[in-house]
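Novice:
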Amino acid sequence: MNRTLVKDALASAQALDAIFLQGWVRTRRDAKAFSFVELNDGSCLKGIQVIVDATLPDYAAVTRASTGASIAVRGKLVPSQGQGQKWEVVAEKFEVLGEADATYPLQKKGHTLEFLREIAHLRPRSNLFGAVFRVRSRLAYAVHQFFQEKSFCYVHTPIITASDAEGAGDMFRVTTLDLAQPPKTEDGAIDSTQDFFGKKTFLTVSGQLEAEIFATALSNVYTFGPTFRAENSHTSRHASEFWMIEPEMAFCDLQGDMALAEEFVKYLIRDAKEYCAADLEFFSKFVDKDLLARLDFVLERPFQRCSYTEAIAILSASGRTWEHPVAWGDNLQSEHERFLSEEHFKCPVTVYNYPRAIKAFYMRKNDGDAPDRQTVAAMDLLVPGIGEIIGGSQREERLDVLREGMALHHLDEKSYWWYLDLRRYGTVPHAGFGLGFERMLMFVTGVANIRDVIPFARTPGTAEF
RNA sequence: UGCCUGGUAGCUCAGUGGCAGAGCAGGUGACUGUUAAUCACUUGGUCGUAGGUUCGACCCCUACCCGGGCAGCCA
């Protein structure tokens, strides 16, 4: 007999004479004549109540079915006599597959997120993490669905790269050299020509530059993969390994880029609301009371847009005293971004046209700026509670201006010969952005720490499991 | 990397310069179509580590380790 998943059993339209379920015990309540066993198999948030009568030959097994034990149950699906559930299972056969003794860490009580992080191999069995990872899976699917429906081409950009300055932060070195005795050149430096790839290599910090290669051939493309940052960041929204979605569109300007970003974020929220309703309700109840209202609010309204220069004016006129002073030309600090999205606009805001000097070399220089107020066509999407969730820009397609930007950032043109070639041969206006998948999950689930929306978090000093 | 904060039972936390505490989990028993069931009893401790101050340190001081937060960096 085939196994039925709990979510299908609970959604059954009628009683069933025979059903077979497998899963793990969440809790057991013993009565004199029978026991209630709550079985959960991860297919949905809810478990199903199993009634095991004390007269059953298998009843002895029930005493071994403590919280965390794996069990297999055959029986009937019947309407529940009790409150709280529509269906329940009356067991005819009850088997314990694997016991879980009193040392099982996930007992029937609230645990802190910090403790659960230490048992990342068991936390998917908790209500919260089961829900988080179901939503994560669903939204990963929705990412592909969104872009595939729009005929974007999925590009697998390399994990190992030799570009050592993509401009997005410190990189992890990839090497097979003997660290105790690396080969040296005559002047004493490590000789990378003897390394595996014959040159210095790193884990990628972004697939953008490679995505641009494909956008200038296939028009609309996207990447979705792991990225790595060796920054020594200790915050609730930074991880050393995280997943990023990077669309890149040929024949697209900043306006089109911002429009796609907004459409994409709303698509993902709508998808989660539709396909993960029970899990979102759980988050709204136990993680963040305002979650559902906030998601609805975000869906209903157009995102606000505000140029960097306008943002500076808003911040200056706010009457606030800032820890970091507000001045045109300086980066917006966390407190500034938070003010804009959480207090001034009270909704997601896209800030665009940043000063050229504080942004990456590949961002397109805006025409018509005053010489001392040069800007680039960059944009950041800021959301309440998290801050920057998307960073993007129109790319510089003019060869001479791009070279000027590289000089400004002290970059060696030789390392970017192929990137410059894209401007030499059939260059087109193009634009793209990066969405931090974990940050999006934080926004959709209300979970406040990035370590809790990725199965196995890698942060400075931590790479367990 | 800087600043802040925490580390006491398996878990969540109280605690006071003078005998180490509670709730939950575990165990035993009772009771009940129960819903993180309930009730009674009960097991359980290198108070992060190493020094120091003190008659006496879980408590005060110093260093280190680990967790968490904020800032910077960014997604």
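Per our numbering, the very first residue in the first sequence carries number 1; after that it's consecutive.
Idealized CB from N, CA, C, for every residue including glycine.
In this text, all values refer to a predicted model and were calculated from it rather than measured experimentally.
1) Looking only at its own chain, which residues have a Cβ that is under 6 Å from the Cβ of residue 182, when we skip the five neighbours before and after it?
2) CA-CA distance, residue 157 and residue 416?
3) Using a threshold of 8 Å, state whether the C-beta atoms of residue 282 and residue 449 are closer than that.
4) Among the candidates 429, 23 and 387, whose CA atom is the shortest distance from the CA of residue 393?
5) Going by the beta-carbon positions, is the gap between residue 273 and residue 295 smaller than 8 Å?
6) Between the alpha carbons of residue 187 and residue 204, how many angstroms are there, rounded?
7) Report back the beta-carbon spacing between residue 241 and residue 228 to the nearest angstrom; my notes put them in contact at under 8 Å.
8) Within the chosen definition, does the stretch 56–65 reach the stretch 5–17 through at least 3 CB pairs nearer than 8 Å?
9) Quick one: grab the DSSP three-state call for residue 280.
10) Using only the alpha-carbon positions, how far apart do residue 28 and residue 267 sit?
11) So, at 8 Å on beta carbons, what are the nonlocal neighbours of residue 53 in its own chain, with the 5 sequence-adjacent residues on each side left out?
12) Given that a residue counts as buried once 16 or more other Cβ atoms are within 10 Å of its Cβ, and exposed if not, what is residue 465?
13) Please confirm whether residue 436 and residue 208 have their CB atoms less than 8 Å apart.
14) Just verifying my parser: in three-state terms, what is the DSSP assignment at residue 379?
15) Do you know how far the Cα of residue 247 is from the Cα of residue 197?
16) Could you check where the alpha helix (DSSP H) with residue 1 kicks off and where it finishes?
17) In the DSSP assignment, find the beta strand (DSSP E) that holds residue 88 and state where it starts and stops.
18) Could you pull out every unbroken alpha helix (DSSP H) segment of at least 4 residues lying fully inside the stretch 275–325, listed in chain order?
19) Measure the Cβ-Cβ separation of residue 135 and residue 349 and say whether it is below 8 Å.
20) With DSSP run on the structure shown, which of helix, strand or coil describes residue 127?
21) Starting from residue 52 and walking both ways along the beta strand (DSSP E), at which residues does that stretch end?
22) When the distance is taken between beta carbons, is residue 21 closer than 8 Å to residue 6?
23) Quick check: the stretch 403–414 against the stretch 310–320, are at least 3 beta-carbon pairs closer than 8 Å?
24) Considering only residues of the stretch 245–275, which uninterrupted alpha helix (DSSP H) runs meet the minimum length of 4 residues and lie entirely inside it, listed in chain order?
25) How is the beta strand (DSSP E) around residue 400 delimited, first residue to last?
26) Going by DSSP, what residue range makes up the beta strand (DSSP E) through residue 17?
27) Do residue 376 and residue 356 have their beta-carbon atoms positioned less than 8 Å apart in this structure?
Specialist: So, from the data block:
1) Position 182 of the first sequence, counting from 1, holds the residue named residue 182. For residue 182, where only same-chain residues beyond five positions count, the Cβ hits under 6 Å are 190.
2) In the first sequence, counting from the first residue as 1, residue 157 sits at position 157. In the first sequence, counting from the first residue as 1, residue 416 sits at position 416. Distance between the alpha carbons of residue 157 and residue 416 is about 16 Å.
3) Position 282 of the first sequence, counted from the start, is the residue given in the question as residue 282. Position 449 of the first sequence, counted from the start, is the residue given in the question as residue 449. Cβ distance not < 8 Å, so residue 282 and residue 449 don't count as in contact.
4) Position 393 of the first sequence, counting from 1, holds the residue named residue 393. Nearest C-alpha to residue 393: 429.
5) The residue you call residue 273 lines up with position 273 of the first sequence. The residue you call residue 295 lines up with position 295 of the first sequence. Judged by their CB atoms, residue 273 and residue 295 are nearer to each other than the 8 Å cut-off.
6) Here residue 187 refers to the residue found at position 187 when the first sequence is read from its first residue. Here residue 204 refers to the residue found at position 204 when the first sequence is read from its first residue. Going by the C-alpha atoms only, they are around 29 Å apart.
7) Mapped onto the first sequence, residue 241 falls at position 241. Mapped onto the first sequence, residue 228 falls at position 228. The Cβ separation is near 5 Å, so the contact holds.
8) Segments in contact, no.
9) Start at 1 with the first residue of the first sequence, and residue 280 comes out as number 280. If DSSP states are grouped into helix, strand and coil, residue 280 belongs with the helices.
10) Here residue 28 corresponds to residue number 28 of the first sequence, with the count starting at 1. Here residue 267 corresponds to residue number 267 of the first sequence, with the count starting at 1. In a straight line, the C-alpha of residue 28 is about 40 Å away from that of residue 267.
11) Locating residue 53 in the first sequence gives position 53, counting from the first residue. Same-chain partners within the cutoff: 33, 34, 59, 90 and 91.
12) The sequence position of residue 465 within the first sequence is 465, counting from 1. Exposed, because fewer than 16 other Cβ atoms sit within 10 Å of the Cβ of residue 465.
13) Here residue 436 corresponds to residue number 436 of the first sequence, with the count starting at 1. Here residue 208 corresponds to residue number 208 of the first sequence, with the count starting at 1. In terms of Cβ geometry, residue 436 and residue 208 do not form a close pair [threshold 8 Å].
14) To locate residue 379, count along the first sequence from 1; it is residue 379. Under the three-state reduction of DSSP, residue 379 is assigned to strand.
15) One-based indexing of the first sequence puts residue 197 at position 197. One-based indexing of the first sequence puts residue 247 at position 247. Each residue's Cα considered, the two are about 28 Å apart.
16) Taking the first residue of the first sequence as 1, we reach residue 1 at position 1. Per DSSP, residue 1 is not a residue of any alpha helix (DSSP H), being assigned neither H nor E.
17) As a working mapping, residue 88 is identified with position 88 in the first sequence. Where residue 88 is concerned, the enclosing beta strand (DSSP E) starts and stops at 87–98.
18) Listed in chain order, the complete alpha helix (DSSP H) runs (minimum 4 residues) inside the stretch 275–325 are 277–286, 291–300 and 308–317.
19) Translated into the one-based positions of the first sequence, residue 135 becomes position 135. Translated into the one-based positions of the first sequence, residue 349 becomes position 349. No, they are not a contact pair.
20) Against the first sequence, residue 127 aligns to sequence position 127. DSSP places residue 127 within a helical segment (H, G or I) once states are collapsed to three.
21) Walking along the first sequence from the start, residue 52 turns up at place 52. From DSSP, the beta strand (DSSP E) with residue 52 extends over 48–53.
22) Working through the first sequence from its first residue, we reach residue 6 at position 6. Working through the first sequence from its first residue, we reach residue 21 at position 21. Yes.
23) With a cut-off of 8 Å on Cβ pairs, the stretch 310–320 is not in contact with the stretch 403–414, counting fewer than three such pairs.
24) If only uninterrupted alpha helix (DSSP H) runs of at least 4 residues are considered, those enclosed by the stretch 245–275 are 254–275.
25) Here residue 400 corresponds to residue number 400 of the first sequence, with the count starting at 1. Taken as a continuous stretch (DSSP letters only), residue 400 belongs to no beta strand (DSSP E), being part of the alpha helix (DSSP H) at 399–408.
26) Here residue 17 refers to the residue found at position 17 of the first sequence. Run containing residue 17: 16–30, per the beta strand (DSSP E) assignment.
27) By one-based count along the first sequence, residue 356 stands at place 356. By one-based count along the first sequence, residue 376 stands at place 376. Yes. Within cutoff.
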